[in-house]
Structures are given as C-alpha cells and as structure tokens.
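Residue numbers (full-length UniProt numbering): 1 to 297. Quick reminder that beta carbons are idealized off the backbone N, C-alpha and C, glycines included.
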Ligand SMILES: C[S@@+](CC[C@H](N)C(=O)[O-])C[C@H]1O[C@@H](n2cnc3c(N)ncnc32)[C@H](O)[C@@H]1O
C-alpha cells in the first residue's frame, strides 16, 4: 500500500466528502502520541522556517473572513454529517441526572451544523445553542428546518472576543461540544475561548472535545512555507490548523478550571482503495468537567 502523497488541500480535513472514493476506517485508541518513522521525523525537523510575522498578523486579522469565504465556496457540501455513535450518546446519557432531563448543549464553532442536526434528529429532549464566527455558516444553520426556536438557537460569535453570555444565560449549559474548532484558533487565544465557554457552562458541566491530534497525516503533509509555529499550520485558503498533543490540551483546560476525565488519541487508517493509499489519521478526543467550587470546599 502506498504511503501518503500530496493530495488537494480539501482532503486535509478528516471528515470531508471525497466523491465516491471508498474508505475503510480502522480505529484504535491510545494514550501516547503516534510514533513517527525516521523519514517523517526528518521531514518535520527540516521544516523549520516560519511564515513571516507580517503574514501571520494578516491571517489572524482575516481569520473570520477566510472561514466565511470557505463557506461561500463550499456552502454545506464540505463536511460530512457527524453521526453520533452509541458511545457518544452514552456520554450524553451520563450527563443527565434523570432519563427524561432536557439537556442544554452548546456547539461552539458549529459550522453549518453537521454535528448538531444529526443530534437534533435523534435526541428529542435536547436544546442546542449553536454559534460560529462565519455569518454565512450561521445563516445555513438557521435555514435548516430542524433549527426551530423551541429546539435550537443559532448566533454569530467570535469565541475569543464576544461574550457568550450575550446569547446564552450564564451557567445554564450542561454540555459544550468543541468539534474541530479549537484547532482553527490561534494557540495564544485558545484560553480566551475556553474561558468564554466556561462562563455559560454549569459547574460540573462537561466539554466533549474532538480535534486534530499530533502527527496526523494532515500535519505531515503541509508543504514548506505553511508553518506558523509549533504544530500550527496554514492551509492554502488561509484557514489555520493546530495539531493537539494530549499534554497541551490537558494543560489548557486545567489552567482554565476544568478537570480532565479522559483524553485519548484516536488512530485511524483511512484506506482509499481506488487510489491505493493508506493514510494515518490522528485525532484527540477528550472529556473535561468544569470544577464545581462548592464541592472543593
Ligand atoms: C472545521 S470547522 C468545524 C465545524 C463543526 N464543528 C463541525 O464539526 O462540522 C471549524 C469551524 O470553527 C469556526 N471558527 C473558527 N474560529 C472561530 C472563532 N474564533 N469563533 C467561533 N468560531 C470559529 C469556523 O468558522 C468553522 O466553522
């Protein structure tokens, strides 16, 4: 089986549609980072030059615009719906104090709703707040018939700047989902986003996180001239992607008043039979609880 090769930018994300190419994912969980081959190590080590400070400032300024243009180009066709598995539903069940409890969920960085709509379809006793900083993405969410006022409230917001309490009552959310969104935020600003979501989360509430993991295939495939910093890269369309180590993520949340319940690397080989490619995908999947101060005293 051939190893990775340069394929169009679009395939950098895991959950993209890629026409009819057959894929057979095999998945395993591990607590340690993927071990690189010598060739991969050499390639990463040789890619030292960073994008200029001027361009980095521009990318940060234009982050919202670049995501909005992404949705202008791709509309709702880029990401596949993220269907909730039994295991993930079990997580949500565990968040309920009693079986019929109506859960309040915030999907931070919801895109066009690929994560929330399958959930709204399958779980009748859930209310979803959904926000994104691309106005176009939020409009797509609002146009979906499942986004009715009794079950869903979608709004535009920059998680690093706009106080979520303008749209979501303080301490009212049971579960926050962060699915492939923190990776799009500059590492220096991730803490602001986590603090922001913490304000609307109930004490004892949980965060379910899934995002790109260290040494994912997409990280190794960036060409020279794309590196913004440690484990941080820019794509051709100006959107950025950070690749998380377990240690970095746990520290980020622990410094912001959360406790880690579980954090694992999910290793998946995506096999594209048609093209004879086998690519190692790495994601980081975690669950955090917001520390309840009254239980500590
Ligand atoms: C890879 S998409 C994931 C979308 C969705 N969570 C899903 O699973 O399909 C990343 C999303 O994060 C949003 N985003 C990036 N930076 C953000 C910020 N500072 N505040 C709010 N949303 C942001 C982008 O607009 C984009 O829709």
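Check                                                                                                                                                                     : Outcome
Name the two residues that bound the continuous alpha helix (DSSP H) containing residue 155.                                                                              : Where residue 155 is concerned, there is no enclosing alpha helix (DSSP H), although the beta strand (DSSP E) it sits in stretches over 152-156.
On the three-state DSSP scale, how would you describe residue 209?                                                                                                        : strand
Does the Cβ of residue 160 lie closer than 7 Å to at least one heavy atom of ligand 3?                                                                                    : With respect to small molecules bound, the structure shown includes ligand 1 and not ligand 3.
Could you compute how far the alpha carbon of residue 68 sits from the alpha carbon of residue 108?                                                                       : 16 Å
Got a sec? Which residues, its chain only, sit under 6 Å from residue 164 by beta carbon, not counting five neighbours each side?                                         : 196, 200
Mark residue 177 as exposed unless 16 or more other C-beta atoms lie within 10 angstroms of its C-beta, in which case mark it buried.                                     : buried
May I ask you to report which of helix, strand or coil DSSP gives residue 228?                                                                                            : strand
Between the C-alpha atoms of residue 30 and residue 213, what's the straight-line distance to the nearest angstrom?                                                       : 12 Å
Does the separation of the CB atoms of residue 220 and residue 73 fall below 8 Å?                                                                                         : no
Alpha carbon to alpha carbon, how far is residue 254 from residue 248?                                                                                                    : 10 Å
Along the chain, where does the beta strand (DSSP E) containing residue 285 start, and where does it finish?                                                              : 277-290
Considering only their Cβ atoms, is the gap separating residue 130 from residue 71 smaller than 8 Å?                                                                      : no
Does the beta-carbon of residue 75 have 16 or more other beta-carbons within 10 angstroms, so that it is buried, or is it exposed?                                        : exposed
Determine, using beta carbons only, whether residue 279 and residue 217 come nearer to each other than 8 Å.                                                               : yes
Would you say the beta carbon of residue 184 comes nearer than 7 Å to a heavy atom of ligand 1?                                                                           : yes
Note down the Cα distance separating residue 180 from residue 150, rounded to an integer number of angstroms.                                                             : 27 Å
Note down the Cα distance separating residue 184 from residue 242, rounded to an integer number of angstroms.                                                             : 7 Å
Which runs of the beta strand (DSSP E) spanning at least 3 residues fall entirely within the UniProt domain "Methyltransferase type 12" (106-207), listed in chain order? : 126-132, 152-156, 173-179
Who pairs with residue 271 in a beta bridge, going by DSSP?                                                                                                               : 278
Under 7 Å Cβ to Cβ from residue 250, same chain only, skipping five residues before and after it: list those, please.                                                     : 260, 263
Using the Cβ count rule (16 or more neighbours within 10 Å means buried), how would you classify residue 111?                                                             : buried
Can you tell me whether residue 77 is buried or exposed, with buried defined as 16 or more other CB within 10 angstroms of its CB?                                        : exposed
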